[in-house]
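Undergrad:
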Amino acid sequence: MRPIELIVEGFTSFRSRQVLDFSSLDLFAITGATGAGKTSLLDAITFALYDKVAQKPNSSRELVSQGAAQLKVEFRFLMRQTEYRAVRTWRNRGKTDVKNFLLEQLINEEWDRCPTQKIEEILGMDFETFTRVIILPQGQFDEFLKGEASKRREILRQLAGFQIFEQMRKEASDRTSRFKAEREGLEKVLAGMQAPTLEEVRERQSELEQLEIAIPELDAKVSHGRKLLESEQRLFEQIQQYGTISKHLEQLQQNANTIKEREAQLRNAQLANSIVGTWTLFQTARKRADITLTELTTANHNLSKAKLDLEQQKENYEQFRHTHLETQKQIEAQERNLALAESLYIQQQQAEAELERAQQNMAERSQVLKQSRQGLTQAEREFHDTERQLQKIETEITNGDRDSLRLARLRQIAEPLAEWQLRQDDLGKQQQKFQLLQGETHKLTQQLERIHQAIANADHEFQAVSDRLSTAEASNLEALQSNHINALRSELHDGDQCPVCNNLFRLEDVIERLEMELIDTTATIAQKDLAERQLVKLNEDRVKVTTSLESLHHQQREQEREITELEAQIRQVQSQIDNLFQTSWQAADILRERQALENKETTYQQLITAQTEIAIAHQTNENNLKTLRGTQQLAQSEYDKAELERSLRQSQLQEIQQRLQSLTNGQSYTSLQQLVLQSKLELSDRLQTIETSYQQAREIFVKREETATKAQENYHSVISERSQHEITWQTELKSINLSESEFLAAQATRSQIEAWQKEIDNYQRQHQDLTTRVQILAETIGDRHTDEQAIGKLSADLQQLELELKEASEHRASLKAWLEQAQQKRQESQELETHKISLQAQEQTFYTLAQDLKSDKFQEYILDSLQQELATRASILLQQLSDNRYILQIESGDYWVSDNWNGGEKRRIRTLSGGETFAASLAMALALSEKLSMGIELGSLFLDEGFGTLDSETLESVTQILESLRQQERLIGVITHIQSLADRLPTQIHVRKSPNGSELVMI
């Protein structure tokens, strides 16, 4: 699998869309600050492929960038010459989340959906295998090679994914405990269940069969007794009902006279109701006659009042017509005067405008005259000032003492002199630095001597501890052999065949061997390891100090060479200065003299420049003075003309104002115009008011006259209608043979009539009902008779039978329930017994599996086999990475490296340098990756280096090893925080933090 392109948006720290193109990469580094998102790039790949992320929450909601509502990861890769694209998205839709996954392959330059959506089928690896094969944790392999045996076993279990065996063992042990607890619980349940025996069940079944025969007989007796009791109770109720109904009938017959009176009232009310409509019409006609008479009286009164008002308004109108003509003549005279005043008013406005323009013109001319006078005064003052300045500068130039020839010679030697001073400063710095290097060299030399002495002591201590350990191990081996021989002899009898030498065992040939005790070597081993670590540490310190000392010697030689070159350069520059100066000199004196001459030259040039500028300014001021004098004369002439025009315009305006005042009697034209307009409006408004009032009075009189006429007509019509209704009313009273007073007394409301009718109907219905029921009950009872005593005896007999039937039924139900429970208990007991046997079998199975999966048996065997296989493959890879220099071997549980360049010398893995350790751990990581990939093509690897820091030598070694991997046509990505390592790789992918989320920058 070879990556082509990765696009992330809204994923962890990558809030905005970021694109990483792998197509042009082969060996590159992934760098960035802590927390920027370096590892998130690998997480994005696994998320796009498997919807999972290692060592992080696998919920998409937890992976989305803070504040983002969606995330999208797109990953294109090449597998077996086919290009694939996996796109995984997540979007927040309020209470629900929407997740989508699309897997496509490129066929004929077009993307088609893959026939399978399982990435495992394409890559041939699940999530766990992919993360172990493609992403190599370099630091863990370094810890694996240098750790103790138990620590290596635990790390290898994690790297190879063999913790599944430990998980299986724990799961098997947990299941054993669960099955055991469940089995013991079932045993307690079975002990407390107490299922009935088969004999008890048969006895209860026989008893149930007898009850099944007796219960129907009891049920028949109860039914017969119940029928007899119901018949007697029915007869007793009928006798009681006959007496009660007879009493009700006698009471009802006592109300017969009252019902007859109600029938008479009902007849009269019904007759009165038959003519109530005519009565209502007659009463309505009476009321309308009274109303129309009142309306006629009111209309005649209003008509008289409107007539008087009309006559008054007519008189007012005639009086206003006479005064209106006189007022109209006065207004016309005022309008003629207003027309003449308007002409004069326009002339006055024009004269005022002309006067204002003349005054403004005079003010402007006055301002111009004032400005010209001020400008002339200022120009005269500036002319005299520049004249004095010019004379002063000419005096200073004449009195100056500059030496231009001497300054020219000093300028020639300025550049060589500056170079001579610079070389002198550099020489002083280099000499000081050389002295510091000598001091550091002396310190490192003393430190190296102390380290050599410490190495000799540590080596002597290590050899002594190794000798003691070898002696103790040899003694323990002899003791074990002796103890094994004694144990074997204790099991053999005289004449038995020895399983070791296949000879016959004879007691007389046996030499007695004493039991030997084993020596505890734990403390000695710890001392050896401590001495070895101290020796390794001292050797590393020796290498570092030696390297530093060599570097200092090299720097000293470089410093000596630079000092010699600087001294030669100083002599050359000094000779050049001597040739130019031709006298003895001091740099400070030359610089002071040149500075003084430069200052004088600068002052002279400034005076020349100032003289030129002031001469130009003096000439300009002289020309300006002549111009301003001519301008001042012209301004005075214009001002005199403007003042004459203002006087003329003012006299014209005064003449027009006097004529206008005489015509308007002292009023202004505007006041007179408003007075005339107001008089005309008042006259018009008054005329309109008088005419409106007169017209309204005429309209009111006409309307009231029409109202009075209509009221008179209505009154006559209503009187005629009332007479007709009165005749009809008297006729209908005679037809029902009632007077008007009797009619009024007989009237009743509809509800009262309905109540009377209901009372009569109820009486008739009750009388008929009671009479009929008495006859029916008399026929039903006949000559039969019963009492409460007879009914009580039948009821007691029935209760006794029902009690016997109930007891038998309850006993039958209890037997059935007992038999059902017994059957259920016996069945449950059998099922629990079967389940208990099954639990025992499963308990034994998982107990055996847990014992077999213990780390000291199966897991240890698997891990040892895998470790030996990985060491063999890693040794081959290490030879390829180191140009056949190193061979990796495992002996007695420890890792060793043979150096072919040093005659096959073996060294412990712990004594290797940083670069050598990196090569060994990388070889082991590649071996495990190949093992787990099961032969699948690995087109890419991502290394998570585990260095804290790298010195220059280790850095060079690591770079060469990575370059060798690059030549195997693989994509190699190194996640590192060491900038010096990243700078040596061809390309860097820098993950940069920003307020808008992390960004990718290719360097």
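Here our numbering = 1-based position in the sequence shown + 23.
Ideal Cβ positions, reconstructed from N, Cα and C, are used throughout, including at glycine.
As the structure is a prediction and not an experimental result, all values here were calculated from the model.
#1: Would you mind sorting residue 61 into buried or exposed? The rule is 16 or more other CB atoms within 10 Å of its CB.
#2: With C-beta atoms as the reference, is residue 613 less than 8 Å away from residue 453?
#3: On the criterion of 16 or more Cβ atoms from any shown chain inside 10 Å, does residue 26 qualify as buried, or is it exposed?
#4: Is the stretch 665-676 touching the stretch 377-390, taking contact as three or more C-beta pairs under 8 Å?
#5: Just the C-alpha distance for residue 463 and residue 1002, rounded to the nearest angstrom, thanks.
#6: Sort 78, 240, 445, 480 by Cα distance to residue 150 and report the nearest one.
#7: Find the nearest neighbour of residue 600 within the set 815, 934, 443, 560, judged by alpha-carbon distance.
#8: Take the Cβ of residue 998 as the centre, count every other Cβ of all protein chains shown within 10 Å, and call the residue buried at 16 or more, exposed below.
#9: Any contact of the stretch 456-475 with the stretch 638-656, i.e. 3+ C-beta pairs under 8 Å?
#10: Flag residue 770 as yes if its beta-carbon sits less than 8 Å from any beta-carbon of chain D, otherwise no.
#11: Just curious, the beta strand (DSSP E) that residue 247 is in, first and last residue?
#12: Could you tell me the alpha carbon to alpha carbon distance between residue 904 and residue 897, rounded to whole angstroms?
#13: What are the partner residues of residue 128, as DSSP defines its beta bridges?
#14: Whose C-beta lies closer than 8 Å to the C-beta of residue 327 among residues of the same chain, with five residues either side of it excluded?
#15: Which term fits residue 596, buried or exposed, when burial requires 16 or more other beta carbons within 10 angstroms of its beta carbon?
#16: Under the rule that 16 or more other beta-carbon atoms within 10 Å means buried, what is residue 69, buried or exposed?
#17: In the DSSP assignment, the beta strand (DSSP E) including residue 25 goes from what residue to what residue?
#18: Between the stretch 396-410 and the stretch 639-651, do at least 3 Cβ pairs fall closer than 8 Å?
#19: Which same chain residues, not among the five before or five after residue 703, have their C-beta less than 7 Å away from its C-beta?
#20: Can you tell me where the beta strand (DSSP E) holding residue 919 begins and where it ends?
#21: Can you list, in chain order, the residues of its chain whose CB lies under 7 Å from that of residue 1017, leaving out five sequence neighbours each side?
#22: Starting from residue 45, trace the alpha helix (DSSP H) in both directions and tell me its first and last residue.
#23: Quick check: the Cα distance between residue 297 and residue 310, rounded to an integer number of angstroms?
#24: Can you grab the Cα-Cα spacing for the pair residue 425 / residue 629, in whole Å?
#25: Along the chain, where does the beta strand (DSSP E) that runs through residue 774 open and close?
#26: For residue 963, which residues does DSSP report across the bridge?
#27: So, for residue 525: in the same chain, excluding its five sequence neighbours on each side, which residues have a beta-carbon less than 8 Å away from its beta-carbon?
#28: Residue range of the alpha helix (DSSP H) that residue 433 falls in?
#29: How would you call residue 273, buried or exposed, if buried means at least 16 neighbouring beta carbons within 10 angstroms?
#30: Measure from the alpha carbon of residue 86 to the alpha carbon of each residue in 778, 351, 114, 100, then state which is nearest.
#31: Just checking my contact of residue 949 with residue 981 at CB under 8 Å: how many whole Å lie between their CB atoms?
#32: Taking 8 Å as the threshold (C-beta atoms), are residue 1011 and residue 92 in contact?
#33: Counting along the chain, where does the beta strand (DSSP E) carrying residue 912 start and finish?
#34: Going by alpha carbons, who is nearest to residue 728 out of 333, 50, 246?
#35: Compute the minimum distance between the beta carbon of residue 244 and the heavy atoms of the ligand FMN, and state whether it is under 7 Å.
#36: Which residues share a DSSP beta bridge with residue 1025?
TA: The short version:
#1: buried
#2: no
#3: buried
#4: yes
#5: 28 Å
#6: 78
#7: 443
#8: buried
#9: no
#10: The structure shown has no chain D; it contains just one protein chain.
#11: Taken as a continuous stretch (DSSP letters only), residue 247 belongs to no beta strand (DSSP E), being part of the alpha helix (DSSP H) at 221-276.
#12: 10 Å
#13: 107, 135
#14: none
#15: buried
#16: buried
#17: 25-32
#18: yes
#19: 354
#20: 917-922
#21: none
#22: Unbroken run through residue 45: none, as it is neither H nor E.
#23: 22 Å
#24: 13 Å
#25: Residue 774 -> not in any beta strand (DSSP E); alpha helix (DSSP H) instead, spanning 773-804.
#26: 994
#27: In this prediction, residue 525 has a pLDDT of 48, which is less than 50 and means its spatial position is unreliable; nothing more can be read from the coordinates.
#28: 427-435
#29: exposed
#30: 114
#31: Contact flag wrong, Cβ pair sits at about 15 Å.
#32: no
#33: 909-914
#34: 333
#35: As presented, the structure is devoid of all ligands, the ligand FMN included, so that no description of it is given.
#36: 1012
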